[in-house]
Structures are given as structure tokens and as C-alpha cells.
Amino acid sequence: MDSSNLDYAIDLLPEHEATSEEKSILKGIRKFGDTTVKQVMRTRLDVCGMKKKEFQGC
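Residue numbers (the numbering used here): 10 to 67.
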């Protein structure tokens, strides 16, 4: 089954089985499989850090 057929099958799910948001999530998961590591890699200079203490307040 290719990706367009899978998207079509997801769209055919009845609303009581999967909301439009859930369908969107399923399609996103499928598209994530087509993503290479190089597409999401960031240099250390582009990454910000924060202390655990600061994060716990979020």
C-alpha cells in the first residue's frame, strides 16, 4: 500500500472512530517515516538549553 492509498484509507474512517485531529495525527506519523535524520539535525549553536528547575514551572 503506497502513501496516497494510506491517506485515502485514513480519510475513509468514520468520524465516530477517528476525529479529524486523530486522522491528521495518523497522516503525520506516516509522513514522519519519510523524514531523514539530516532534515531534523541541528547544530549545537542552534540548540538552547534550560535548567531542569526552570522547566518544571511550565
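Just so it is clear, CB atoms sit at the ideal spot from N, CA and C, and this is done for glycine as well. Since this is a predicted model, take the numbers as computed values, not measurements.
| Check | Outcome |
| --- | --- |
| Taking a contact to mean a Cβ-Cβ separation below 7 Å, would you say Asp16 touches Lys36 in this structure? | yes |
| Report yes if the CB atom of Lys32 is closer than 7 Å to the CB atom of Ile19, and no otherwise. | yes |
| Quick check on DSSP: helix, strand or coil for Glu31? | helix |
| Excluding the 5 residues preceding and the 5 following Glu30 in the sequence, name in chain order all residues of the same chain whose CB lies nearer than 6 Å to its CB. | none |
| Could you spell out where the alpha helix (DSSP H) holding Val49 opens and where it closes? | 46 to 49 |
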